[in-house]
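I have placed the structure first, in the form of structure tokens, so that the comments after it can refer back to it.
Numbering (the numbering used here), first residue to last: 19 to 94.
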């Protein structure tokens with residue numbers, strides 16, 4: 019599973035599949051996810067903060083921080 023797919027999977031229950039997929043593709047492109055879908059380790063805190071700020075309007079501040087962190091956890 020690529021990072022984009024993982025992010026979409028985490029966010030879909032909170033904003034719908036289409037919006038979550040669009041967000042995931044945009045965020046990964048913005049932060050340079052390559053062919054394997056990974057973002058450089060040094061860019062991961064910036065990506066999480068970017069996601070968190072955008073998610074606040076959908077789910078509130080506390081849940082946004084939780085979801086942003088979950089988006090960067092490697093799926094099992």
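By construction, the Cβ of each residue, glycine as well, lies at the ideal position given by its N, Cα and C atoms.
Identify whether residue 80 lies in helix, strand or coil by the three-state DSSP scheme.
-> helix
Would you mind giving the Cβ-Cβ distance between residue 73 and residue 82, rounded to the nearest angstrom? I have them listed as a contact below 8 angstroms.
-> 4 angstroms
Residue 38, buried or exposed, once every other Cβ within 10 Å from all chains shown has been counted against 16 | buried
From residue 92 to residue 60, what distance separates their C-alpha atoms?
-> 16 angstroms
Which of helix, strand or coil does DSSP assign to residue 57?
-> coil
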